[in-house]
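Asker: Residue numbers (the working numbering): 106 to 774. All residues carry an ideal CB built from backbone N, CA and C; glycine is no exception. All values reported here derive from a predicted model rather than from experimental measurement. Dropping a structure here in structure tokens format, bear with me for questions.
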Ligand code: ADP
Ligand code: MG
């Protein structure tokens, strides 16, 4: 409201754009620009693409009233290479202002044909305009481009009188950055596209630097004291009792955990490993170590199926060593829950595996020392913090099956240390991957049958179907069709998200126990399900999934020593889909796949919207701006090395920016 032209009503409307202050307005960056610096001759202007031309008004045609509430205004322009008719709907005011013989810029899309070119509702500016590149902002009802542009101009004046520069000089020099003043002016009204690029780079740098500083400070803040100090005790009986030899990666990850938990600060570690790399065994090792030190472990899984599975696996590893494991899920009866909870509270159980129910405040632990979350990208930073709030500042271990590029991991898990499981256990064979169209479906079925005949099991996955999406196969009727048709001689199970947890568990149990041969399923099998005898997976409508998700699904097979296959069916074989699926058949390296996925879809999609729990970024795009990202990370590290709390005077501006960015995130949750 302190801006000229912004009253109470407009300021309320602006709030819808998240603009509450003059500062916010300056950070309401353009989503695009109209560039008048290089207009094209009307003769050469392309059809149906955005373009800018320059011409003078030859004549204005009489307005046509089409019906009540719809008037059409037309005017003829020329630039002496060709003529152009512009069509304006209803905006009588804009039409009236056009002066015959005066020159204007027109920006829009050309329609019509070579003999009669038209431009509908173009943006019109006098050719003597002082800012040849005009910003285009995201709007909301009641706010126009013209109004926003004028308001930003006014805001820039205020800014001019109060210039500040949050970055120390040497950092600007080292990273070849322009001043904030230049950046803010030129992001809104750039002199040309070069200036715009320079401005953007500076603002992206600022944003990523601020985010990285914030994440690193969060990490150091959690390093208060070890709430659950542990002693270095021997766990060779654990190693000895495992049915297999651990990989070098698994061993060193467990070592990392042990040295964290015996250190001066609470552990805050991420185990990153591709599907099938054996993260559960690492969790078991850490839990065993905590138990020997007299502490309990909580393991939280995103779904009941996974909680159940972890419970079984951990019991298998730990019960022989006399370590009692409990399962706690939302679908248990009140009586069962009560019993288990009592066991946890009294310390009978050393390890508690569960879903969110475990997080609920009602669950008390006897002596919680370690909190493990599996498949962490399904949990937000807040949930992570909430679990950590239980007990006396317990150690935290996060297991992620989504391999993400290192730079991005540093940003998203900047508050965590990272161990990577690089290799898969010995004896694994790469999953042969084929992409085919639906025409080959019968052949695919025969191929699957060969596996089943050899005693293996298989999955057929199709995306979860809403009733309304009639063009897709409903998973229920699809399963019915298969079990009565192509697979009538086999035992077919059905699993989908709308089943009760008890039903799901029964179906999964049957499949694990090889009571069924083929499991027709929606994506509920996506994460983590482990049935080593399953060796073939068919994915219907595979174009509907992201690459990382397909890689996860594919990871359901090839977990034993059998040769396995993954068949991707799509009827939507566009060039782009083909390109994506080809990446998948070309490599089984999850890191490479996620990098490609990131390039194709951006980080938002990658983690499911907002699930990574980071503050919203206004201008930076972590998948595109990777060079700046790296530079910002280096800078953040060296700044904090010299000044861990950003307490020095020259860092006051940065400190303010960090607080601003993270305050917003906290008040969102
Ligand atoms: P993920 O990392 O995908 O969670 P899991 O922990 O489910 O993988 O392990 C995948 C499979 O590999 C399981 O059946 C597990 O028992 C087995 N496994 C884990 N570690 C090893 C190993 N070192 N050698 C052989 N098999 C292993
Ligand atoms: Mg797993």
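(1) Rounded to the nearest angstrom, what separates residue 749 and residue 518 at their Cα positions?
(2) Which whole-angstrom value is the C-beta distance of residue 337 and residue 363, which I expect to be below 8 Å?
(3) With a threshold of 7 Å, establish whether the CB of residue 384 neighbours any heavy atom of ligand 2.
(4) Answer with buried or exposed for residue 256, where buried requires no fewer than 16 other C-beta atoms within 10 angstroms of its C-beta.
(5) Can you find the residues in the same chain that come closer than 7 Å, C-beta to C-beta, to residue 429, ignoring five residues on each side of it along the sequence?
(6) Pull up the distance between the alpha-carbon of residue 161 and that of residue 723, whole angstroms please.
(7) Can you have a look at residue 535 and say buried or exposed, based on whether 16 or more other CB atoms are within 10 angstroms of its CB?
(8) Residue 138 lies in the beta strand (DSSP E); which residues open and close that run?
(9) Identify, in the order they occur along the chain, each residue of the same chain with its Cβ nearer than 6 Å to the Cβ of residue 599, setting aside the five sequence neighbours on each side.
(10) Can you grab the Cα-Cα spacing for the pair residue 189 / residue 151, in whole Å?
(11) Starting from residue 156, follow its DSSP beta bridges and name the residues at the other end.
(12) Can you grab the Cα-Cα spacing for the pair residue 677 / residue 648, in whole Å?
(13) So, with DSSP's three-state summary, where would you put residue 333?
(14) Closest to residue 427 by CA distance: which of 253, 469 and 396 is it?
(15) Here's the rule I'm using: 16 or more other beta-carbon atoms within 10 Å means buried, otherwise exposed. How should residue 239 be labelled?
(16) If I follow the unbroken alpha helix (DSSP H) through residue 611, where does it start and stop?
(17) Which residues in the same chain as residue 112 place their Cβ atom closer than 6 Å to its Cβ, once the five residues preceding and following it in sequence are excluded?
(18) Over the uninterrupted alpha helix (DSSP H) stretch that includes residue 179, give me the two end residues.
(19) In whole angstroms, what is the alpha-carbon distance linking residue 65 and residue 759?
(20) Are the segment 391–407 and the segment 470–479 touching by the rule of at least three beta carbon pairs closer than 8 Å?
(21) Report yes if the C-beta distance between residue 353 and residue 502 is below 8 Å; otherwise report no.
(22) Quick check: the Cα distance between residue 413 and residue 282, rounded to an integer number of angstroms?
(23) Say the cut is 7 Å; is the CB of residue 762 nearer than that to a heavy atom of ligand 1?
(24) Using a Cβ-Cβ cutoff of less than 6 Å, which residues in the same chain neighbour residue 640 once the five nearest sequence positions on both sides are dropped?
(25) Answer with buried or exposed for residue 311, where buried requires no fewer than 16 other C-beta atoms within 10 angstroms of its C-beta.
(26) Quick one: what's residue 437 bridged to in DSSP?
(27) Measure the beta-carbon distance from residue 341 to residue 425 and round it to whole angstroms, keeping in mind my assumption that it falls under 8 Å.
(28) DSSP on residue 543, reduced to helix/strand/coil?
(29) DSSP puts residue 239 in a beta bridge; with which residues?
(30) Within 10 Å of its beta-carbon, does residue 242 have 16 or more other beta-carbons around it, so buried, or fewer, so exposed?
(31) If you follow the alpha helix (DSSP H) that residue 823 is part of, which residue opens it and which one closes it?
(32) Hey, residue 553 and residue 634: beta-carbon distance below 8 Å or not?
(33) Measuring only the C-alpha atoms, how far is residue 580 from residue 544?
(34) Measuring CB atoms only, is the segment 140–150 touching the segment 266–276, in the sense that at least three cross pairs come out at less than 8 Å?
(35) Answer yes or no: the CB of residue 506 versus the heavy atoms of ligand 2, is any distance below 7 Å?
(36) Say the cut is 7 Å; is the CB of residue 349 nearer than that to a heavy atom of ligand 1?
Answerer: Put simply:
(1) Across the structure, residue 749 and residue 518 are spaced so that their CA atoms are roughly 19 Å apart.
(2) Yes, residue 337 and residue 363 are in contact; Cβ-Cβ is about 7 Å, under 8 Å.
(3) Yes, the Cβ of residue 384 comes within 7 Å of a heavy atom of ligand 2.
(4) Under this definition residue 256 is a buried residue.
(5) Listed in chain order, the non-local C-beta contacts of residue 429 below 7 Å within the same chain comprise 453, 454 and 455, local neighbours out to five positions each way being set aside.
(6) Each residue's alpha carbon lies about 39 Å from the other.
(7) Residue 535 comes out exposed.
(8) Residues 137–140.
(9) Within its own chain, the residues whose Cβ lies closer than 6 Å to the Cβ of residue 599, once the five positions on either side in sequence are excluded, are 584 and 625, listed in chain order.
(10) So the alpha carbons of these two residues sit roughly 13 Å apart.
(11) Bridge partners of residue 156: 213.
(12) Cα to Cα, the separation comes out at about 7 Å.
(13) Residue state, collapsed to three classes: coil.
(14) It is 396 whose Cα lies nearest to the Cα of residue 427.
(15) It counts as buried.
(16) In the DSSP assignment, residue 611 falls within the unbroken alpha helix (DSSP H) covering 606–617.
(17) Nothing meets the Cβ criterion.
(18) Residue range 175–183 is occupied by the beta strand (DSSP E) that includes residue 179, with no alpha helix (DSSP H) assigned at that position.
(19) Because the chain is modelled from 106 through 774, residue 65 falls outside the range shown and cannot be assessed.
(20) Result yes; three or more Cβ-Cβ pairs closer than 8 Å.
(21) Result no, Cβ atoms of residue 353 and residue 502 do not sit closer than 8 Å.
(22) A straight line joining the alpha-carbon of residue 413 with that of residue 282 spans about 53 Å.
(23) No, Cβ of residue 762 sits at least 7 Å from all heavy atoms of ligand 1.
(24) The answer, listed in chain order, is 556, 561, 662, 667 and 669.
(25) Looking at its Cβ environment, which holds 16 or more other Cβ atoms inside 10 Å, residue 311 is buried.
(26) Among the bridge pairs identified by DSSP, residue 437 is matched with none.
(27) Not quite, the Cβ-Cβ distance comes to about 14 Å (not below 8 Å), so this is no contact.
(28) Three-state result, residue 543: helix.
(29) DSSP, once it has assigned bridges, lists 139 as partnering residue 239.
(30) That one is buried.
(31) Residue 823 lies beyond the residue range present for the chain, which begins at 106 and ends at 774; the question has no answer from this structure.
(32) Cβ distance not < 8 Å, so residue 553 and residue 634 don't count as in contact.
(33) Cα-Cα distance, rounded: 19 Å.
(34) Contact fails between the segment 140–150 and the segment 266–276, because fewer than three Cβ pairs, one in each stretch, are under 8 Å apart.
(35) Yes.
(36) Annotation for residue 349 indicates a beta carbon within 7 Å of some heavy atom of ligand 1.
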